[in-house]
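Visitor:
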Amino acid sequence: MMPGPILALFLAAAGVSLGLRRLGYPGLWPWTLALGALLAWGLVQQNADNWLEHALPPALAGEEATVFATIISLPEHGERRSRFRIRVAATRWGPEAFRARELLVSTYPARPELEAGSHGYMTLRLRPARGPANPGGFDRAGWYYREGLHGSATLLDFEALEDARAPRIQDARWRAGLHRMRGALRERLEQAAPGLRHPGLVQALVIGDRQGMTDEEWQAFLRTGTNHLMAISGLHVGLVAGFVGLLAGLAWSGLVPVQARIRKPAFMALAGLAGAALYAALAGFSIPTQRALIMLAAFMAALLWRREAFAWRGLMLAAIAVVLWRPTSVLAPGFWFSFGAVAVILLLLQGRSGRPGWRAAGSIQVMLALAMLPLSLAWFQLGSWVAPVANLVAVPVISLLVLPLLLVGAGLAALWAPLGQPFLHLGDGILMLLVGLLDGLSHVPVLVDERRVPLAASLLGGVAVLVALLPRLRLAAPWVVLAGIALALPMRPQIDSGSVRALLLDVGNGQSLLLQTRHHALLWDAGPGRAGGYSAGDQIVIPSLRAEGVRRLDRMILSHEHAAHSGGAAAVRATLPVGEVLRRRPQGPGERPCEAGEVWEWDGVDFEILHPPAGWDGSASASCVLAVETAGGVRLVLTGGLGGLGEAVLMQEGAEQRSSDLLVVPRGAGADSLSRGWLQDARPAMAWASTDAQGRGLAGAARQRLDRACVPLQETGRQGALRLEADTELKVGPGHRAGSRRLWRPAPDAGAPLPPGCPPGPETAGGLVE
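Sequential numbering of the sequence shown, starting at -14, is according to the working numbering.
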């Protein structure tokens, strides 16, 4: 089950129970608590069962289906592809197990003619709702579950249908219509001000569409802790509600018939809520805007009821409503950031009388940024010490200047393009100055901390924040320092001299492996990637290195020039300091050839390049091969992408060179891999293979040879990232999927057993896996 949503709902029920007790109904609170617990379990169970019923099972990977579907999102059209969300109404033909209702669909090349509301018969190649399983980085499978997506697919063919022949789906129609309106407004913005310097930022603030933002713009906001300003959520929705409410208050004074029917505060609250709902519609009613609307409605209700301590009760009511509306919200970092930020603001305002002035508002903003730092380090592996200063500037600039100008400009542009141009260009000019400032701050290295903090350290940091915020606890100031130290301590694992740790990452169609000794780290290959496109180095390798406490690489070896091995290297080098790079074809400073005969020793562990000899080309035959031997005599051999002639040459060196306790088999091992007697005279105790979700990367013939030689095999595509520790013996973990099971990421099957009569494999140490 999912402990997160259950815990959140249970705590909400506990809050209601305590509230009833304080209101004078002591006999009701135990029953309310029990009822809330049952409600929490039921809601979570129903939500989970519904998703599991429709999620694409792994067996459908690569299968095709033809469905009638409607595009229900604002399509993202890039240079190479288009991507959008579809709602399936009916299945024309496909596998019997296909029951998906909502899918994320990509089409290559891009098809700009497809827009929200386009419907017809779509032929899809299916992909289950799963993703790489690694100790750090983005949980794609969890995101599918959180967003209510049952999988993804590639569009192979599309046959449009006339409206008269199209099946009707009520929720699909209004969602498609909403996003069609957003698409029309995006076009009006582009037509009204084609010369904007930051069109992506303008679209992000007006309609919540961030696909036009450049990487440089996003990094400037991300590294300064101001990226929350680029998502239409609580702050933006609240500001719009405030502006509309203020205008409604001015209008109320002149509306005599209205004055007799509704009080001014109620009129302002309802008008503000209506304005906020309209702005949320511009953002497509995304999950953050839904959460913000519910929070706003709860606070408005608490305000109108004039209850004592309405702020805390409003926060509690909002949390209950959000979780009841969408239980999976608690899996999103935005849920905890939103409610945590409001709770911190309420703590800071506690005991104050009157409205805070500019100085008090500035101090609240600084304390809020510091309070969110532990959560940011734990969740995003990024903490910005410059965030208090950056937010002190960016929040009022965006809130009081840029956002009103852009919203007025967008509204006028929707009526007539020239009317909105001055406002859009003025807002864009202010954005240009702000982005320049944030970009400068983001490149001050001591002010941006990029690492992962364990949950325990983050909780201690949170305790430090609470102690600092609560006046009654400030006598415990020394404990604040002690708790805060946990955030600054290095989180590098303790490794004995002479021992080595290995982590083979789950990077799909590629390879990347981290080797750590007591004081050194080596990255073997950097996963797949391509210029201007997807990079496993950025999406998987870097987050995993941070999760392992690696802040610097002493050496990176790129075994092969193929993009599956070296494609992610540029992202790694751009993010982490790398001592030197060994590869087949050096391309710049800090790089030199990887050639047989090079040996070195780190912390009692010996390393040796076994292949290729000097002068070889960059083909698979010339792939680097590395041997690692611990002080206890345990030996690991990494073969990179070795194949063909290279394997034959290595066979001539004798079995002693190729002997190993763990063999990392060549990525993409074909039918002729390991076929020259390697497994007979140098049989490893275990083999690792880097494969994708469908098992590609290791040919069936190579699997059969490993089976016949009684070599246990672990695969990243099935088991996720693989981990081991070697000293005097080999201690192998079961894989990241088994070590971090989730409802959306169940443990894999054990795989095909070894033939009868084979001895058992190495000891499995489940404690090594997070």
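Ideal Cβ placement from N, Cα and C applies to all residues, glycine included.
For M(-14), which residues in the same chain have their Cβ closer than 6 Å to its Cβ, ignoring the five residues on either side in sequence?
Guide: Caution applies to M(-14), whose pLDDT of 41 falls short of 50 and renders its modelled position unreliable; the model cannot decide the point.
Visitor: Out of curiosity, what's the CA-to-CA distance linking P113 and V526?
Guide: 23 Å
Visitor: L623 and W509: beta carbons closer than 8 Å?
Guide: yes
Visitor: Measuring CB atoms only, is the stretch 184 to 197 touching the stretch 211 to 224, in the sense that at least three cross pairs come out at less than 8 Å?
Guide: yes
Visitor: Determine the direct distance from the alpha carbon of L302 to that of S520, and round the result to whole angstroms.
Guide: One C-alpha to the other measures close to 42 Å.
Visitor: Could you check if R537 is buried or exposed, using at least 16 other CB atoms within 10 Å of its CB as the buried criterion?
Guide: It is exposed - the Cβ of R537 has fewer than 16 other Cβ atoms within 10 Å.
Visitor: What does the alpha-carbon distance come out to for the pair A226 and L316?
Guide: 27 Å
Visitor: With 16 other CB atoms within 10 Å as the buried threshold, where does E202 fall?
Guide: Taking every protein chain shown into account, the CB of E202 has 16 or more other CB atoms within 10 angstroms, so this residue is buried.
Visitor: Sort out for me which residues DSSP pairs G105 with in a bridge.
Guide: A54 and A145
Visitor: Compute the Euclidean distance between the alpha carbons of L432 and W370, then round it to the nearest angstrom.
Guide: Counting only the Cα atoms, W370 lies some 5 Å from L432.
Visitor: Identify the continuous alpha helix (DSSP H) that holds A764 and give its terminal residues.
Guide: Missing from the structure shown is residue 764; the chain here goes from -14 to 755 and no further.
Visitor: Which partner residues does S137 have in the DSSP bridge list?
Guide: S137 pairs with L89 and R112.
Visitor: Helix, strand or coil, according to DSSP, for F408 in the structure here?
Guide: Helix, per DSSP.
Visitor: What does DSSP give as the partner residue(s) for G514 in the beta ladder?
Guide: S520
Visitor: Considering Cα atoms alone, identify which of P389, F143 and S529 is closest to S103.
Guide: F143
Visitor: Output the boundary residues of the beta strand (DSSP E) element that contains M671.
Guide: M671 to A674 is the extent of the beta strand (DSSP E) around M671.
Visitor: DSSP three-state call for S67: helix, strand or coil?
Guide: It is a strand residue.
Visitor: Classify S369 as helix, strand or coil using the three-state DSSP reduction.
Guide: When secondary structure is reduced to three states using DSSP, S369 falls in the strand class.
Visitor: With a threshold of 8 Å, are at least 3 pairs of Cβ atoms found where one atom belongs to the stretch 545 to 553 and the other to the stretch 562 to 574?
Guide: The stretch 545 to 553 vs the stretch 562 to 574: in contact.
Visitor: Does the distance from the CB of P94 to the CB of R68 come in under 8 Å?
Guide: The answer is no: Cβ separation not under 8 Å.
Visitor: Would you identify the three-state DSSP class for V584, choosing helix, strand or coil?
Guide: strand
Visitor: In angstroms with no decimal places, state the Cα-to-Cα distance between G655 and R681.
Guide: Here the C-alpha atom of G655 lies approximately 10 Å from the C-alpha atom of R681.
Visitor: From what residue to what residue does the alpha helix (DSSP H) around P578 run?
Guide: Where P578 is concerned, there is no enclosing alpha helix (DSSP H), although the beta strand (DSSP E) around it starts and stops at E576 to P578.
Visitor: Taking a contact to mean a Cβ-Cβ separation below 8 Å, would you say V613 touches L500 in this structure?
Guide: yes
Visitor: Okay, do the stretch 479 to 494 and the stretch 705 to 716 touch, 3+ Cβ pairs below 8 Å being the bar?
Guide: yes
Visitor: Cα separation between A684 and A126?
Guide: For A684 and A126, the distance between alpha carbons rounds to 26 Å.
Visitor: Would you call F123 buried or exposed, if buried means 16 or more other Cβ atoms sit within 10 Å of its Cβ?
Guide: exposed
Visitor: Is M215 helix, strand or coil by DSSP?
Guide: helix
Visitor: Specify the secondary structure class of M198 as computed by DSSP and reduced to three states.
Guide: coil
Visitor: Against chain B, with Cβ distances strictly below 8 Å, would I217 count as a contact?
Guide: Among the chains in the structure shown there is no chain B, since it carries only a single protein chain.
Visitor: How would you write the range of the alpha helix (DSSP H) that W128 sits in, first residue to last?
Guide: R125 to E132
Visitor: Given that a residue counts as buried once 16 or more other Cβ atoms are within 10 Å of its Cβ, and exposed if not, what is K249?
Guide: exposed
Visitor: Once DSSP output is grouped into helix, strand and coil, what is the label at Q699?
Guide: strand
Visitor: On a CA-only basis, which of R558, D602, E583 and E580 is nearest G573? Give me that one, please.
Guide: R558
Visitor: In this structure, how does DSSP classify W663 when only helix, strand and coil are distinguished?
Guide: In this structure, W663 counts as helix in the three-state DSSP scheme.
Visitor: Locate the beta strand (DSSP E) running through H596, then write down its first and last residues.
Guide: V590 to H596
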